[in-house]
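K.L.:
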Amino acid sequence: KAGVTQTPRYLIKTRGQQVTLSCSPISGHRSVSWYQQTPGQGLQFLFEYFSETQRNKGNFPGRFSGRQFSNSRSEMNVSTLELGDSALYLCASSLVQGRSTEAFFGQGTRLTVV
Amino acid sequence: AQSVTQLGSHVSVSEGALVLLRCNYSSSVPPYLFWYVQYPNQGLQLLLKYTSAATLVKGINGFEAEFKKSETSFHLTKPSAHMSDAAEYFCAVTPYNQGGKLIFGQGTELSVKP
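Residue numbers (our numbering), protein chains in the order written: chain A, 85 to 198; chain B, 4 to 117.
1) Going by DSSP in three states, serine 3 of chain B sits in which element: helix, strand or coil?
2) Measuring alpha carbon to alpha carbon, tell me which of B:Thr75, B:Lys72, B:Val40 ends up nearest asparagine 64 of chain B.
3) Taking 7 Å as the limit between beta carbons, can you name the residues of its chain near glutamine 121 of chain A, skipping five residues before and five after?
4) Are the beta-carbon atoms belonging to phenylalanine 66 of chain B and leucine 47 of chain B less than 8 Å from one another?
5) Which ranges would you report for the alpha helix (DSSP H) in the segment 156 to 191 of chain A if only whole runs of at least 4 residues count?
6) Taking contact to mean at least 3 C-beta pairs separated by less than 8 Å, is the segment 72 to 86 of chain B in contact with the segment 21 to 30 of chain B?
7) Suppose contacts are defined by Cβ-Cβ distances below 8 Å. Is lysine 116 of chain B in contact with serine 12 of chain B by that definition?
8) So which residues of chain B does leucine 195 of chain A contact, with C-beta pairs closer than 8 Å?
9) With H, G and I counted as helix, E and B as strand and the rest as coil, what does DSSP make of isoleucine 110 of chain A?
10) Quick check: is the beta carbon of glutamate 159 of chain A nearer than 8 Å to any beta carbon in chain B?
11) So, with DSSP's three-state summary, where would you put glycine 65 of chain B?
12) Could you check where the beta strand (DSSP E) with lysine 141 of chain A kicks off and where it finishes?
13) Between the segment 185 to 194 of chain A and the segment 134 to 143 of chain A, do three or more beta carbon pairs fall short of 8 Å?
14) Helix, strand or coil: how does DSSP classify glycine 19 of chain B here?
15) Chain B partners of leucine 127 of chain A, CB-CB under 7 Å?
16) Select from B:Glu74, B:Lys61, B:Val32, B:Leu10 the residue whose C-alpha is nearest the C-alpha of threonine 97 of chain B.
17) Counting only the same chain and skipping the five closest in sequence on each side, list residues whose C-beta sits under 6 Å from that of lysine 52 of chain B.
18) What three-state label does DSSP hand leucine 105 of chain B in the structure shown?
19) For serine 6 of chain B and glycine 110 of chain B, what's the separation of their Cα atoms in angstroms?
20) Let's see if you can read the secondary structure: which residues bound the beta strand (DSSP E) around serine 31 of chain B?
21) Can you tell me the Cβ-Cβ gap for serine 115 of chain A and phenylalanine 129 of chain A, rounded? I've got them flagged as a contact below 8 Å.
This is how it looks when you write it as structure tokens:
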């Protein structure tokens, strides 16, 4: 069974540009969450989608947005990139949305903003 | 609000020694707690989870954790460290009514000396 696939694995962007990251969940999983990981702030929750609807959102500015498609694949977009957006972005998928449900993580997309 | 605190950002043990990674939680409702491991340049992998069943939870790779309500703790242990256990370990909690969202601790980097 294929795991969570995130593309691209590495990305370099210039300040002010926008970027789109992609996440393909495990087949059959309907919940997709996104996290930002930085050395200073650690792992922070961005948002979660279930059946194409955003169910939860973290404390990030509106420059960070996402969506989920009918096949459960998800994208996140960051507009007007800032140097501080440099981070590892992790996507996780779950079979259902529930407090005890295991989240399976992808390898992440390493975004560098220069 | 629910949160977790990991005591010690770095822990170093000798191969064969006991591994003890500390996690304390804050929650006004019964928590759902998780331990994840992250190897370099990888995503996160679930080690074990507590969902209010047994207080002693056994996970993969010989790890286990004990939920102690009186101490608000969920420490991770392994009787004998192996070189392959070197990684970063994260404790996490799922907030009440926000299934699909994980709140992570700051992480503990485990080093294993030969």
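C-beta: ideal position from N, C-alpha, C; glycine also. All figures in this text were calculated on a predicted structure; none of them were measured in a lab.
P.N.:
According to the data block:
1) The displayed coordinates of chain B run from 4 to 117. Any statement about residue 3 of chain B would go beyond what the structure contains.
2) By 1-based counting over the second sequence, the position of residue 64 of chain B is 61. It is B:Val40 whose Cα lies nearest to the Cα of asparagine 64 of chain B.
3) Here residue 121 of chain A is taken as the residue at index 37 of the first sequence, counted from 1. Closer than 7 Å at Cβ, skipping near neighbours: Leu127, Ala171, Leu172, Leu174.
4) Taking the first residue of the second sequence as position 1, residue 66 of chain B is located at position 63. Taking the first residue of the second sequence as position 1, residue 47 of chain B is located at position 44. Contact annotation: phenylalanine 66 of chain B and leucine 47 of chain B have beta-carbon atoms that are not nearer than 8 Å.
5) none
6) yes
7) Position 113 of the second sequence holds residue 116 of chain B. Position 9 of the second sequence holds residue 12 of chain B. For lysine 116 of chain B and serine 12 of chain B, no; Cβs fall outside 8 Å.
8) Along the first sequence, one-based indexing puts residue 195 of chain A at 111. Using a Cβ-Cβ cut-off of 8 Å, leucine 195 of chain A is close to nothing in chain B; its nearest Cβ partner there is about 14 Å away.
9) To locate residue 110 of chain A, count along the first sequence from 1; it is residue 26. Isoleucine 110 of chain A: coil per DSSP, three-state reduction.
10) Within the first sequence, residue 159 of chain A is the residue found at index 75, counting from 1. Against chain B, the CB of glutamate 159 of chain A has no partner CB under 8 Å away; the residue lies outside that interface.
11) Here the question's residue 65 of chain B lines up with position 62 in the second sequence. The answer is helix: DSSP assigns glycine 65 of chain B an H, G or I state.
12) If you number the first sequence from 1, residue 141 of chain A lands on position 57. If you look at lysine 141 of chain A, you'll find it in the beta strand (DSSP E) that goes 137 to 141.
13) no
14) If you number the second sequence from 1, residue 19 of chain B lands on position 16. Reduced to three states, the DSSP call for glycine 19 of chain B is coil.
15) What you label residue 127 of chain A is simply residue 43 of the first sequence in a count that begins at 1. Correct list: Phe93, Phe107.
16) Within the second sequence, residue 97 of chain B is the residue found at index 94, counting from 1. The shortest C-alpha separation from threonine 97 of chain B is found at B:Val32.
17) Here residue 52 of chain B corresponds to residue number 49 of the second sequence, with the count starting at 1. If we look at lysine 52 of chain B and ignore the five residues flanking it on each side, its Cβ neighbours are Phe37.
18) Taking the first residue of the second sequence as 1, we reach residue 105 of chain B at position 102. Note: leucine 105 of chain B maps to coil in three-state DSSP.
19) To locate residue 6 of chain B, count along the second sequence from 1; it is residue 3. To locate residue 110 of chain B, count along the second sequence from 1; it is residue 107. When rounded, the distance between both Cα atoms is 13 Å.
20) Against the second sequence, residue 31 of chain B aligns to sequence position 28. Per DSSP, serine 31 of chain B belongs to no beta strand (DSSP E) and is neither H nor E.
21) As a working mapping, residue 115 of chain A is identified with position 31 in the first sequence. As a working mapping, residue 129 of chain A is identified with position 45 in the first sequence. Actually they are not in contact, since the Cβ atoms of serine 115 of chain A and phenylalanine 129 of chain A sit about 13 Å apart, beyond 8 Å.
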